[in-house]
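Protein chains in written order, with the working numbering: chain A, 1 to 351; chain B, 352 to 734.
Where a beta carbon is used, it is the ideal one built from N, C-alpha and C, also for glycine.
First comes the structure, then the notes that go with it.
Written out as structure tokens, the structure is:
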């Protein structure tokens, strides 16, 4: 609540103030709540002047519109998190976008968790090599989060960064240990705990302001078996999305949500695999990416995006993480050496 | 945390009285509702309701750790399988806190793997020097104590003197119905803490579910899927909180489907008519093959899936079909007096793969001369 201010101190032009005082409007709360038309009739000011008075006197908490030019000029240099797979980044328009919810759905074993782990590593890439330089929150409902795998990806990322940016100053802080320390992990055993963590994020941001990625792997697991009432489930999912998108836009965060697949029986009797959680949920994320098998290769298809065409690309999961499919069309089956060989890591395109 | 009673939380007395008059008893009851519903039930204003729900959410937030903190825990919580390549690929063998599944046709060795893993766990020397126990839930009455004795005598002859101690650390349940299995899982947490359980084996999770809830109609299908998914959630919760490794076994089911046209000439199929090898794309022939049972949702629930299949009458193959850490790989093994023997040669891995829910499994051939439709292992045909 603001204290009462006299209209004369608000910085209005003198003739306007005189007219207002003549019509018995002295303090700002005399004017508050009036529409410009009403004030204009009461005080004899023009509409434009009345609008200015009303605006100056109200504590404006309503959102002000911003011009599109302003948005483009303000846009920060990096607004995407790279996935280290060039074709996937191109498909998404640069990578996983900030200030949006990206849903990744797919059949089991296709690489959803791998993509999430890769994003947790990529979000920490320093800005001098074109990264976001932020930290990640991993909300785990499935239990597939393995630190050993994360270490493989982190080692490869550190190696990549050192190869392409050897003369920059802030790269010395980018190590496997720092990457591991920059991933905040929550294991949730029910959907209530998932909701609780999401509500807790603003508090977490106060102590860890560098967080720029939230991963929920997967949103589907707890919402699929515990709910007899579909409408309650949809309501909870929509409220959850609302919380997430508010946080995403306010704090410049990217949100990745993984989903499972379910069989939908078509009218003709045939069945089709579609993303779980229903049609209403389908409207909640900003971007939808579906991962599936095509023969022996993994394919990612963009099925909903406000600014990209729906199309597909192939990718593979290697020891280093998510990478482009190499030019050798199929990976040779080789016998297992003592350790996973270093040579399997792809040479990355430097961004 | 979400099961905590509202009456035990530090709330205003007035709010507690209103709660007592409403049907809400636990934290979960309140947080499952929308704010509007809570306002109506408890006669609260919007601000009051928001503050109340925020307080309850704070109670439910799980523990915050960084990945760095987890890496130490992970090293202590893994169970080596005894083969260096396999253990390296799995980053330490079987991990606590996740569900590992062995799927395969009958007779391929799932129970043998379970017995072998039980013995490995009991013999494992843990850094903290406390010996762990194994919970073995046997739904098919396939457990044979004399086999355990045989394996230890043959594989670890130096431990024969302490065999009584090891046997006393393997506990057996033999539930006969779905509801008794559910009851066991409910009571498991108490027993797991009392007896220091480190490994939980369920052999097999499929048999009870398939016997009692046949997937005849879509309604029963959904009921079975829900039951399995809630078992999976319960198992994962116990596994993570109490640092237990969970191993389950699954059966196979027949799938009668038209051959997918995208199979290229790499994978060769035996044509039914003349028994000769042909390049495999035939969108006209129907293939009868077996895949892991229990459906797509169950495949999502398990963290790691090993598929066991026959290569010929003597040797079998373990395929890593789904794993958060390992690529698609195959290992050969045989079953001997000393349990499972993993062959050192004949192992392959690759970065391509296939859907772990639809993987075509080779079954045991009774008469090798009868033609039958089957797909060869992929590694024979890669260039």
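The shortest CA-to-CA distance from residue 655/B to any of 692/B, 375/B, 453/B, 435/B is the one to 453/B.
When C-alpha distances from residue 456/B are compared across 642/B, 698/B, 700/B, the shortest belongs to 642/B.
Burial is judged here by how many other beta carbons sit within 10 angstroms of a residue's own beta carbon; residue 213/A has at least 16 and is buried. Per DSSP, the continuous beta strand (DSSP E) segment holding residue 105/A begins and ends at 100-106. DSSP, read as helix, strand or coil, puts residue 308/A in coil.
Closest option to residue 356/B, judged by alpha-carbon separation, among 584/B, 407/B, 640/B, 445/B: 407/B. Burial state of residue 700/B is buried, judged by a 10 Å Cβ sphere holding 16 or more other Cβ atoms. Around residue 118/A, no beta-carbon contact reaches into chain B at under 9 Å, the shortest distance being about 12 Å. The segment 42-56 of chain A makes no contact with the segment 65-74 of chain A: fewer than 3 CB pairs, one atom from each, lie closer than 8 Å. Under the three-pair Cβ rule at 8 Å, the segment 385-395 of chain B does not count as touching the segment 151-162 of chain A. Under DSSP, residue 27/A shares a beta bridge with 6/A.
The criterion of a C-beta distance shorter than 9 Å is not satisfied by residue 559/B and residue 597/B. The segment 147-154 of chain A makes no contact with the segment 86-105 of chain A, as fewer than three CB pairs between them are under 8 Å.
Taking 9 Å as the cut-off, the Cβ atoms of residue 272/A and residue 648/B do not count as close. Around the beta carbon of residue 520/B, 16 or more other beta carbons lie within 10 angstroms, which makes this residue buried. In the DSSP assignment, residue 465/B falls within the unbroken alpha helix (DSSP H) covering 461-474. If you keep only unbroken alpha helix (DSSP H) runs of at least 4 residues inside the segment 36-71 of chain A, you get 36-43, 47-57. Judged by their CB atoms, residue 522/B and residue 542/B are nearer to each other than the 9 Å cut-off. Residue 673/B is bridged by DSSP to 656/B. Residues of the segment 250-268 of chain A with a C-beta atom less than 8 Å from some C-beta of chain B are 260, 261, 262, 263, 265, listed in chain order. Under the Cβ distance rule, residue 640/B does not count among the residues neighbouring chain A, no pair being separated by less than 9 Å. Neighbourhood of residue 584/B in chain A, by CB distance below 9 Å: 141, 189, 190, 221, 222, 225, 226, in chain order. Note that the C-beta distance between residue 470/B and residue 708/B is not below 9 Å. At least 9 Å separates the CB of residue 373/B from every CB of chain A. Residue-level contact check: residue 108/A touches chain B, since one or more beta carbons of chain B fall below 9 Å from its beta carbon. For residue 531/B, the enclosing alpha helix (DSSP H) starts and ends at 529-546. When C-alpha distances from residue 280/A are compared across 323/A, 125/A, 178/A, 236/A, the shortest belongs to 236/A. Non-local beta-carbon contacts of residue 223/A in its own chain, meaning distances under 8 Å to residues more than five positions away in sequence, involve 191, 233, 236, 237, 277 in chain order.
Residue 20/A holds the alpha-carbon nearest to the alpha-carbon of residue 54/A among 85/A, 180/A, 20/A. Between the C-alpha atoms of residue 110/A and residue 561/B there is a straight-line separation of about 27 Å. At a cut-off of 9 Å between beta carbons, residue 197/A contacts chain B. Apart from sequence neighbours up to five positions away, the residues of its chain that approach residue 87/A with a beta-carbon distance below 6 Å are 313, 324, ordered along the chain.
Assigned with DSSP and collapsed to three states, residue 272/A falls in strand. Under a criterion of Cβ atoms nearer than 8 Å, the residues of chain B adjacent to residue 144/A are, in order, 449, 654, 675. Per DSSP, residue 141/A has no beta bridge partner at all. Taking residue 502/B as reference, the option from 463/B, 696/B, 434/B with the minimal CA-CA separation is 463/B.
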